[in-house]
Amino acid sequence: MNEESAENKHTFRVYVLDTAGNGGIIDEYEEADFIVSSDFKPEKESFVLEIIGNYLEPELKHKDKALVQRIAVKEGKEVNNRIIVFEYKGKKMARRLKYKSGNPVVESFTGYDKDIEIEKEEIKYLGVVTKLIERILF
11 MNEESAENKH TFRVYVLDTA GNGGIIDEYE EADFIVSSDF KPEKESFVLE
61 IIGNYLEPEL KHKDKALVQR IAVKEGKEVN NRIIVFEYKG KKMARRLKYK
111 SGNPVVESFT GYDKDIEIEK EEIKYLGVVT KLIERILF
């Protein structure tokens with residue numbers, strides 16, 4: 011490993027998002043090293059989601075690894091139309107959120123499920139997907 015890539019190597023917790031099974035994030039994690047661009051400085055609380063299944067396609071595909079950064083949400087505008095990691099009714103998930111009439115709406119990517127409108131007070135924001143850091147091309 012050359013000196014430049016050693017400086018750009020970061021260790022992240024990697025959680026599995028099982029979109030093919032229960033749709034939730036598995037609480038157990040492994041740590042893994044990733045090389046990121048030299049101008050990218052991840053936040054301390056950043057973590058990685060490994061996507062299992064195709065529920066988040068076309069944005070995130072099976073086996074993709076996406077970086078999630080913590081965010082502070084005040085009004086919801088900060089996360090509108092972004093893929094968000096959140097906790098709702100005790101389940102941790104990642105979905106695209108859109109705000110309609112002031113409330114977050116969990117969007118169905120596949121069209122098989124209905125969009126779900128939820129109360130702002132019932133959602134705990136954990137982070138926003140900011141960067142695809144690994145994709146297998148086969």
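The opening residue of the sequence shown carries number 11 in the numbering used here; numbering runs sequentially from there.
The beta carbon of each residue, even a glycine, is placed where N, CA and C say it ideally should be.
ask   = In chain order, what residues of the same chain lie with their CB nearer than 6 Å to the CB of K141, ignoring the 5 residues before and after it?
value = L77
ask   = Considering only residues of the same chain and omitting the five flanking positions on each side of G63, which have a CB-CB separation below 7 Å?
value = D28, T29, A30, H72
Classification of P114 by the beta-carbon crowding that lies within 10 angstroms, buried from 16 upward = buried
ask   = Does the Cβ-Cβ distance between F22 and F50 come in under 8 Å?
value = no
task = Would you mind sorting F96 into buried or exposed? The rule is 16 or more other CB atoms within 10 Å of its CB.
result = buried
query = DSSP on K130, reduced to helix/strand/coil?
reply = helix
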